[in-house]
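Residues in the sequence shown are numbered from 5 upward in steps of one, following the numbering used here.
Note that CB positions come from ideal geometry on N, CA and C, so glycine has one too.
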Amino acid sequence: MALKVSRHAWMAMLGLPAVVYAGICGLMYAKQRDLIYYGQYTRVDPASTDFVLEREGVQLRGWAVNPDAPRPLLYFGGNAERIEARRDQLARLFPDRSVYLLAYRGFGASDGQPSEAALFGDALSFYDRVRAAHPGQPIDVIGCSLGSGVASHVASQRPVARLALVTPFDSLAAVAQSHYPLLPVGWLVRDRFDSARWLAGYRGPTLVLRAGLDQVIPAGNTDRLIAALATPPKVVALSYADHSSIGEQPAFEQALREFFAVADAAR
């Protein structure tokens, strides 16, 4: 005997995928910052930090390497990076620099909740504090992964002498779209980190360090950032490095040392 399916049943079955899709979109919108910021894996004792920066009633903490050296260098880390682990490497690479590392809100021993607007505002306050501590000195910046987005914003709003970007992207929204091609990411993402837009007017020397096996930032997103820069950057591709291992490569250290040594030689 043939089975008959009512019109209402057909409509219900056809509508189910739309309901599921809408639910997935809603979940991504609600939980997107949990997918961007992994500060819970980086928490440390506040007593282990070197300085406190207070902004909007939130205490941010970080570390200083060679703080008595004249020329400062700011470091902005990735979205799950324990930036204090980078201190020994930076001290070895830049013994004549004051290197400052600030933990984002919710990272390290910093209080608060991270967002694009909060990180951008904190980074500018951080820059201003370092500039006040080193009057008359040019300030250089390194940004890694998510930190490349923060560094790009700083370079658009403050004088940055030399800018190094590690595994950078054109925009975080574009990267997310590549990972979730079936979702309307452009409509969902609030924290966009639009580096290509921020850097369109930056004309200082720029170094781009990219990983040939990067499993997080697609090559096309880095290509589009490079194309958007007003001044062609120096690009160093580490063919056998991935997103996590690029900082461990000897060529990574050599490229950073040589890029910033030019500035030191010009003093």
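Rounded to the nearest angstrom, what separates residue i and residue j at their Cα positions?
i	j	result
Asp54	Ala178	36 Å
Glu88	Gly205	31 Å
Tyr45	Lys35	17 Å
Leu128	Gln161	8 Å
Gly251	Gln93	9 Å
Ala68	Val56	11 Å
Glu257	Gly190	35 Å
Glu85	Arg207	28 Å
Ala234	Leu203	8 Å
Thr226	Pro188	21 Å
Tyr41	Val266	34 Å
Asp218	Ala95	26 Å
Tell me which residue opens and which closes the beta strand (DSSP E) that residue i is part of.
i	result
Arg59	55-59
Gln181	Looking at the DSSP string, Gln181 is not in any beta strand (DSSP E); the run it does join, the alpha helix (DSSP H), is 176-183.
Gly208	Looking at the DSSP string, Gly208 is not in any beta strand (DSSP E), and its letter there is neither H nor E.
Arg228	No beta strand (DSSP E) holds Arg228; the alpha helix (DSSP H) holding it covers 223-232.
Val69	62-69
Val279	Nothing about residue 279 can be read from this structure; the chain reaches only from 5 to 271.
Ala168	167-170
Using a Cβ-Cβ cut-off of 8 Å (strictly less than) and excluding sequence neighbours within five positions of residue i, which residues of its own chain qualify?
i	result
Val193	Gln36, Leu176, Ala177, Ala180
Gly112	Gly43, Thr46, Arg47, Val48, Thr53, Arg65, Gly66, Arg86, Ile87, Glu88
Please return the same chain residues whose Cβ sits closer than 7 Å to the Cβ of residue i, not counting the five positions on each side in sequence.
i	result
Gly216	Ala241, Leu242, Ser243, Tyr244, Ala245
Ala259	Leu211, Leu213, Val240
Arg135	Ile143
Excluding the 5 residues preceding and the 5 following residue i in the sequence, name in chain order all residues of the same chain whose CB lies nearer than 6 Å to its CB.
i	result
Pro2	As shown, the chain starts at 5 and ends at 271. That puts residue 2 outside it, with no answer to give.
Leu78	Tyr104, Val145
Ala73	Asp100, Arg101, Ser102
Pro209	Arg166
Arg75	Arg101, Gln141
Ser182	Pro222
Gln253	Leu242, Ala245
His247	Thr171, Ala215, Asp218, Gln219, Val220
Consider the C-beta atom of residue i and the heavy atoms of the ligand SAM; say whether any pair is separated by less than 7 Å.
i	result
Ala215	Annotation note on the ligand SAM: not contained in the displayed structure, which lists no ligands.
Taking the CB atoms as reference points, tell me whether residue i and residue j lie closer together than 8 Å.
i	j	result
Leu64	Ser119	no
Ala168	Phe80	no
Pro223	Ala200	Per the sequence shown, the amino acid found at residue 223 is Ala instead of Pro. Result no, Cβ atoms of Ala223 and Ala200 do not sit closer than 8 Å.
Leu186	Asn83	no
Ala122	Arg133	no
Thr272	Ile230	The structure shown does not extend to residue 272, since the chain is modelled only from 5 through 271, so no value can be given for it.
Phe130	His157	no
Gly66	Ala107	yes
Asp195	Arg228	no
Gly116	Val62	yes
Lys238	Phe263	yes
Tell me which residue opens and which closes the alpha helix (DSSP H) that residue i is part of.
i	result
Arg201	199-202
Gly190	189-192
Does residue i come within less than 8 Å of chain C when only Cβ atoms are used?
i	result
Ala95	Absence of chain C from the displayed structure is noted, only one protein chain being present.
**Prompt:** Which runs of the alpha helix (DSSP H) spanning at least 4 residues fall entirely within the region 74-150, listed in chain order?
**Reply:** 91-97, 120-137
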